[in-house]
Structures are given as structure tokens and as C-alpha cells.
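Asks:
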Amino acid sequence: MDNFLKELPELAKEKQLENKKYFAKLKKRTPKKLDLIMQELHDNEFEKTDCLTCGNCCKTTSPIFTDKDIERISKHLKMKVVNFILSYLERDTDDFYVLKTAPCTFLDLNDNTCFIYDVRPKACREYPHTNRRKFIQITNLTLNNTTICPAVFNIVEALKEKLPL
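Under my numbering, the first residue of the sequence shown is numbered 1007, with each subsequent residue one higher.
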């Protein structure tokens, strides 16, 4: 996994133009069963992928924290919301709350486990979003995630094989 992670940004960059063109064509002629196909590809990939051997998403990016996330995590940590925000979060350029630092403050770098896993943000629970309904609406996010998540890279490659355009 370590070697693949090192190669991933370059591999994703090499495939970026091809993937952009593929998703543009897919948007023009979206199959009705795309979400079912994505669910199948997602499930197949995660039968063989263990996120705990990677953790690259937690090491390199921040999820968006919703107000509900902030309230839930603050309560779990027995902190006031304002103190949680001051301690861990900042506003990004789109005015969303994100972590101040990377890797994630709540990531155990020894085993890639999450200190707040049971109350983690919605964005973390749903990551990498490849099994999300209305997948066609998040192709830009998926393209970005191919540079971060080896599973997403593999899922996109599998999609191109399953649905050649």
C-alpha cells in the first residue's frame, strides 16, 4: 500500500485528462443504473481494501464539519461548542468549518484509527462518496479524490472498464 500511495498522485495526474473527458461524456449520457453500478464497484473495491492500512484521507485532507457534527463531537469530548471550534476548526475559502491542521487531530498515526470514530463528521462517514446516490453530481469531487484515495482511483478505473464510452 505504501508504494501505491507514493505513486498515486502521479498516477492520478496522468489519468486526469482522460477521466475528465470520461465523466463529461458520462454526464451527457448517464445510464439509469449508474448508481447501482457505482454501488457494486464500491462494494467490490472495499471487500479487498482496508482503510486502516492507508488513512491517507485523514492524513492529507479535512472533512467539512456541519453544525450537527460540531455539536455531536463537542458533546462527546465534553467541550463547549465555542471551545471546540476555537481549538480545532477554521473557516475555509468557501466558509465551511474544516480542521486547522493535517493530519487530522483525531487520527492515531500508529494504527490509523480515529479517536472520535463513533461520532465522526458526516463527511468522514460517507467518504469516499463513491456509493452515494446521484453519483453523477459529484464527479469533480471524485476526480479530486482519485489523488487521495487508492480505492477511488481503482473504482474509477473499474467504472471505465465496465462502462466504456
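Ideal placement from N, C-alpha and C gives every residue a C-beta, glycine not left out.
Can you give me the Cβ contacts of T1119 inside the same chain, cut-off strictly under 8 Å, excluding the 5 residues immediately before and after it?
Replies: L1058, L1113
Asks: What separation, rounded to the nearest whole angstrom, lies between the Cα atoms of K1034 and E1077?
Replies: 40 Å
Asks: Looking only at its own chain, which residues have a Cβ that is under 8 Å from the Cβ of T1067, when we skip the five neighbours before and after it?
Replies: A1108, I1154
Asks: Check whether the region 1037-1047 touches the region 1136-1143, taking contact to mean three or more Cβ pairs, one atom from each stretch, closer than 8 Å.
Replies: yes
Asks: Judging by CA-CA distance, which residue of R1126, L1147, E1167 is the nearest neighbour of C1064?
Replies: When each option's Cα is compared against that of C1064, the closest is R1126.
Asks: Against chain B, with Cβ distances strictly below 8 Å, would N1116 count as a contact?
Replies: Absent here is chain B; the protein component of the structure consists of one chain.
Asks: Can you tell me where the beta strand (DSSP E) with L1095 in it begins and where it stops?
Replies: 1095-1097
Asks: Is the beta carbon of K1081 sitting closer than 8 Å to the one on L1095?
Replies: With respect to the 8 Å criterion, K1081 and L1095 are not classified as neighbours on the basis of their beta carbons.
Asks: Can you tell which of L1115, L1040, S1093, L1169 has its C-alpha closest to the C-alpha of F1141?
Replies: L1040
Asks: Counting along the chain, where does the beta strand (DSSP E) carrying V1104 start and finish?
Replies: 1103-1105
Asks: Name the residue from P1170, F1159, L1042 whose alpha carbon lies nearest to the alpha carbon of E1020.
Replies: Comparing Cα positions, the closest option is F1159.
Asks: What's the C-alpha gap between R1097 and T1072?
Replies: So the two alpha carbons sit approximately 12 Å from each other.
Asks: Put C1110 into one of helix, strand or coil per three-state DSSP.
Replies: coil
Asks: Rounded to whole angstroms, what's the CA-CA distance from K1074 to T1099? Just pull it up for me.
Replies: 20 Å
Asks: Just reading off the alpha helix (DSSP H) that T1036 is part of, what are its end residues?
Replies: Run containing T1036: none; DSSP gives neither H nor E here.
Asks: Is the beta carbon of P1069 sitting closer than 8 Å to the one on A1129?
Replies: yes
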